[in-house]
Amino acid sequence: PWKSGDLSTDESVARENISGFGNTTFHVGWIPDTFSDVSDRRFALVHIDVDLYEPTRDALAFFYDRVAAHGMIICDDYGSALCPGARKAFDQFFENRPEGIIELPTGQAIVVKAS
């Protein structure tokens, strides 16, 4: 159902929406091209909201080993009928891993990293 431009967001709008939170950094670009900017870091929380299968899969592949034990990975689009690729990527990625996927009534899903 998506066509070119449907999933784009103006960077200034995104910056304005989170301006009150502080301690935020934007890495503008395509997934996974921008991941090298943070390849040396560990994370307590990773929030994946990219709608589609391939970038969700790529984000999981990159961030999973960098998430601290008991850290969380959130999939924003897990329960969305408009974004079936996000669920597919999450389900496939965690199929043979120890963590269970916790589906929320909001349509999101959370995984708590085992170790």
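Going by this note's numbering, the letters in the sequence shown line up with residues 606 to 720, in that order.
Heads up, the beta-carbon is just placed ideally off N, CA and C, and yes, glycines get one too.
Inset, instruction - Closer than 6 Å by C-beta to residue 699: which residues in its own chain qualify, once you throw out the five before and the five after it? Chain order, please. - result: 706
Inset, instruction - Measure the Cβ-Cβ separation of residue 663 and residue 689 and say whether it is below 8 Å. - result: no
Legend entry - Pair within 8 Å by beta-carbon distance, residue 649 and residue 673: yes
Inset, instruction - With a cut-off of 8 Å on the beta carbons, I'd call residue 652 and residue 717 a contact; round off their distance for me. - result: That belief does not hold up - the Cβ atoms of residue 652 and residue 717 are roughly 14 Å apart, past 8 Å.
Inset, instruction - Establish whether the CB of residue 654 and some CB of chain D are separated by less than 8 Å. - result: Looking for chain D here will not work: only one protein chain is present.
Inset, instruction - In angstroms with no decimal places, state the Cα-to-Cα distance between residue 622 and residue 614. - result: 11 Å
Inset, instruction - Below 8 Å on the Cβ atoms is my guess for residue 714 versus residue 680; work out the distance and round it to an integer in Å. - result: 5 Å
Inset, instruction - Give me whichever residues DSSP pairs with residue 651 in a beta bridge. - result: 678
Inset, instruction - State buried or exposed for residue 620, treating a residue as buried only when at least 16 other CB atoms are found within 10 Å of its CB. - result: exposed
Inset, instruction - Report the residue from 631, 682, 607, 708 whose alpha carbon sits nearest the alpha carbon of residue 617. - result: 631
Inset, instruction - In angstroms with no decimal places, state the Cα-to-Cα distance between residue 696 and residue 656. - result: 14 Å
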